[in-house]
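Number 642 in the numbering used here belongs to position 349 of the sequence shown; there are no gaps in the numbering.
Note that CB positions come from ideal geometry on N, CA and C, so glycine has one too.
All values reported here derive from a predicted model rather than from experimental measurement.
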Amino acid sequence: MQREYDLCVIGGGINGTAIARDAAGRGLRVVLLEAQDLGAGMSSMTSKLLFSGLRYLERGEARLVKDALAGCRDLADAAPQAVQPMRFVVPYAKKTWPEPKGRFIRRVSRYDVLGRTGGRAAGARPRLPRMGGLDLRVHPAGDLLQAQFQRGISYTDYFMDDSRLVILNAMDAAARGAEILPRTPCTGITSDPETGGFVVRLPEDEIRARRVVNAAGPWARDILMSLGEDCGDLPEMRYVRGAHIVVPRLSECDAAYLLPQPGRRLLAAVPYEEDYTLLGWTDFDYAGDPMQALVSDDEADDLLGAAARYFREVPGRGEIIWRYSGMRLQFTKTSGRKTVRTEVLHGKSSHLHLKTYGAAPLLSVFGGGFAGARALAQEAVDTLLGEKNDWTRRACLPGGEAARSGFDAMGEDLVRRYAFLPDRLVRRYAQVYGSLAARLLEDVSKPADLGLHYGEGVYEAEMRYLVQYEWARTPEDILWRRSKLGLHVSRETARSLDQLLPRLLREVWERGDMNTLAPVKTAEPAIAFPQKKAEDPAPVPEKKARASVDQKTSASAASLKAEAV
């Protein structure tokens, strides 16, 4: 390990990894410290919607929405394997919407227009379909809905794989020279007047850095307090949490649904991981440990009940596959007698707290979101260096280079090149890893080259790639953050991975291929996997061809912390 750095970033969520990437791309010597796995906290427990900013237009924050949607467009071009546009359907029936229909439609229309303007790739990708009206009596999205929902509207938003975006930012930072050290907590930090920097203590070592970025999320205030700061100049902050459950797929249509509820809450029902539907909403106040937030049975029942207001059939609580709860930060800023709550979305509305110790700056980041992570990182590094540089605006994330020639075409080419492998397996590799799938398969010339089969399409070649290039160290890293294979595999497959992964870790480490600078323990503890209840889950039924949400059809044709359930 190097001993001296230009920048030490504390925190391996989306803010920390994006800042490390930006700084490394400007030529700084960067080290990133994360106490757990990359993205193990709130950055892997989001709603999976990249922005979903209709509520901000209701508060008149049009500029914030435009900037965030430009960030969505940029990310969809930089990492098409992790961010995709998705068509949303909003059904309508009398007395079902919490506000006048015309007002809601005008807001969606404005959101739709703002989503088409801005972003570095405007015009580079196929133009997204405009907002439009739907006749749900003949549209495939109406098949799932109760009879009173005969009309609706559709518009485009963005769906993301949150934890993979964290990993991709870390991988790009590492490719540009940053040292990424997951499972390496910062145990203390002090200013060093002699060198004009900081001494950052690790469990068994210490390093020196000229600058520090404190991107520790819920623990960022603790870092400041360890330096003797009273934090009195920080705005008041509060966490709001979301509740999310995953159930068996509700509809064969590829549309997501946005379902207005009493109290102006919006329930999202999103196709998820091919076989499932993700139901979720946000905005519950929360004051406890962010890593201990759980979805209670009552909350799960509320989500299912909200879905039942629209859908003909909904599963029972016993059919829930997975449930999780994540946080986002809101500020309460006081100005005179008026209190203004501002959602934290990107650099211009998050709070950057700069404190200089002698000549050494320490920048603390409070809040932030995926849609604005690139912009926040640029602003943070601009602030530290006193100069502007927007190089990340034009750069792809690893595996996203396929966007230049067409993401779908890249996947089809991969399927042709590896025709001797199962078609569904190669398509999954392309969808999850983008053009990096070629690196995963570079030594594979026949099926046996995939190595040991742990079960259900989980092969040693993929595990080796994740260990070597993506810092995976435990089964949970692989099954729930680098992928969502945990939703698809049985407990037997998870146990096989738990038993055999230490050998693979040891082999990769002994070959010197590990993408880390610290030895890996070879006796990883067994962990609890959020799994289906059945010990031997029933095979997934053969899928019908899914209908496009914008397909016009006749009536006859319309047919974080993860919690074990």
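Selected residue, minimal CA-CA separation from A670, among S783, R296, A466: Comparing Cα-Cα distances from A670 to each of S783, R296, A466, the minimum goes to A466.
message: Between L647, I613, F663, G490, which has its C-alpha nearest V341's C-alpha?
response: First, the amino acid is wrong: residue 341 is Lys here, not Val. Measuring from the Cα of K341, the nearest candidate turns out to be F663.
query: Among A695, H646, R366, Y532, which has the Cα closest to the Cα of M620?
result: Nearest C-alpha to M620: Y532.
task: Enumerate, from N- to C-terminal direction, the unbroken alpha helix (DSSP H) stretches of 4 or more residues contained entirely within the stretch 584–614.
output: The stretch 584–614 contains these whole alpha helix (DSSP H) runs: 590–601.
query: Just how far apart, CA to CA, sit M756 and I771?
result: Between M756 and I771, the C-alpha separation is close to 8 Å.
- prompt: Roughly how many whole angstroms lie between the Cα atoms of T786 and A513?
  reply: Going from the Cα of T786 to the Cα of A513 covers about 38 Å.
- prompt: Skipping 5 residues on each side, what residues in its chain have a beta carbon closer than 8 Å to that of Y711?
  reply: So the qualifying residues of the chain are V719, L734, V737.
message: Going by C-alpha to C-alpha distance, which of L645, H644, G425, Q585 sits closest to R616?
response: Residue Q585 is the option with its Cα nearest to R616.
message: Report the start-end ranges of each beta strand (DSSP E) in the stretch 743–797 that is 3 residues or longer and not cut off at the edges.
response: Counting only runs of 3 or more residues that sit fully inside the stretch 743–797, the beta strand (DSSP E) segments are 746–748, in chain order.
- request: Output the boundary residues of the alpha helix (DSSP H) element that contains M464.
  value: Segment 455–468, the alpha helix (DSSP H) holding M464.
query: What residue from L437, L438, D405 has the CA that sits closest to R423's CA?
result: Of L437, L438, D405, the residue nearest in Cα terms is D405.
field: C-beta atoms of L656 and A673 nearer than 8 Å
entry: Contact flag set, yes.
Every unbroken beta strand (DSSP E) within the stretch 518–572, with a cutoff of 3 residues, ordered by chain: Those beta strand (DSSP E) runs which fall completely within the stretch 518–572 and span 3+ residues are 529–541, 549–553, 559–565.
Nonlocal neighbours in the same chain, by C-beta distance under 7 Å from I930, ignoring five residues either side: The question about residue 930 has no answer here: the residues shown for the chain are numbered 294 through 858.
message: Run through the DSSP bridge pairs and tell me what D450 is partnered with.
response: DSSP output for D450 lists M379 as bridge partner(s).
task: Please report the Cβ distance between G750 and Q374, rounded to the nearest whole angstrom; I am assuming they are in contact, meaning their Cβ atoms lie under 8 Å.
output: About 18 Å separates the CB atoms of G750 and Q374; that is not less than 8 Å, and the two are not in contact.
- prompt: Leaving out five residues before and five after Y726 in sequence, what residues of the same chain have Cβ atoms less than 7 Å from its Cβ?
  reply: Excluding positions up to five away in sequence, the list reads Q374, G692, L733.
- prompt: Under 8 Å between the Cβ atoms of A723 and G704?
  reply: Going by C-beta atoms, A723 is nearer than 8 Å to G704.
- request: Return helix, strand or coil for N308, following the three-state DSSP convention.
  value: N308: helix per DSSP, three-state reduction.
Best match in F491, V431, S402 for proximity to T649 [C-alpha to C-alpha]: Closest option to T649, Cα to Cα, is F491.
query: How would you call P654, buried or exposed, if buried means at least 16 neighbouring beta carbons within 10 angstroms?
result: In summary, P654 is buried, with 16 or more beta-carbon neighbours lying within 10 Å of its beta-carbon over all protein chains present.
message: Can you find the residues in the same chain that come closer than 7 Å, C-beta to C-beta, to T480, ignoring five residues on each side of it along the sequence?
response: Once the five neighbours on either side are set aside, the close Cβ partners of T480 are R494, L495, P496.
field: Closest by C-alpha distance to Y298, when choosing among A502, F700, L347
entry: The shortest Cα separation from Y298 among A502, F700, L347 belongs to A502.
field: Euclidean distance between Cα positions of R784 and A313
entry: Looking at the two C-alpha atoms, the distance is approximately 36 Å.
query: Mind checking K387: buried by the 16 CB within 10 Å criterion, or exposed?
result: Exposed, since its Cβ has fewer than 16 Cβ neighbours within 10 Å.
message: Tell me the rounded alpha-carbon separation between A601 and E566.
response: Roughly 22 Å between the two C-alpha positions.
- request: Please confirm if the stretch 357–377 is in contact with the stretch 789–797, defined as three or more CB-CB distances below 8 Å between the two stretches.
  value: The stretch 357–377 is not in contact with the stretch 789–797.
query: In angstroms, rounded to a whole number, what distance separates the CA positions of L677 and L321?
result: Straight-line Cα distance between these residues: approximately 11 Å.
query: Based on the DSSP secondary-structure assignment, which residues constitute the bridge partners of W574?
result: Partner(s): A536.
message: Relative to the C-alpha of Q439, which candidate in T389, E753, P564, A508 has its C-alpha closest?
response: Per the Cα distances, T389.
- request: Check whether the Cβ atoms of V324 and I516 sit closer than 8 Å, and answer yes or no.
  value: Against a cut-off of 8 Å, the Cβ pair of I516 and V324 comes out as no contact.
- prompt: Going by DSSP, what residues sit across from N682 in a beta bridge?
  reply: In DSSP, N682 forms no bridge with anything.
message: Measuring alpha carbon to alpha carbon, tell me which residue in W773, E803, E800, L797 is nearest D455.
response: Closest option to D455, Cα to Cα, is W773.
query: What is the rounded straight-line gap between the Cα of S447 and the Cα of L559?
result: Note on geometry: alpha-carbon atoms of S447 and L559 lie some 15 Å from one another.
message: Tell me which residues share the same chain as D590 and place their Cβ nearer than 8 Å to its Cβ, disregarding the 5 neighbours each side in the sequence.
response: If we look at D590 and ignore the five residues flanking it on each side, its Cβ neighbours are R610.
- request: Determine the DSSP secondary structure at T676, reduced to helix, strand or coil.
  value: It is helical.
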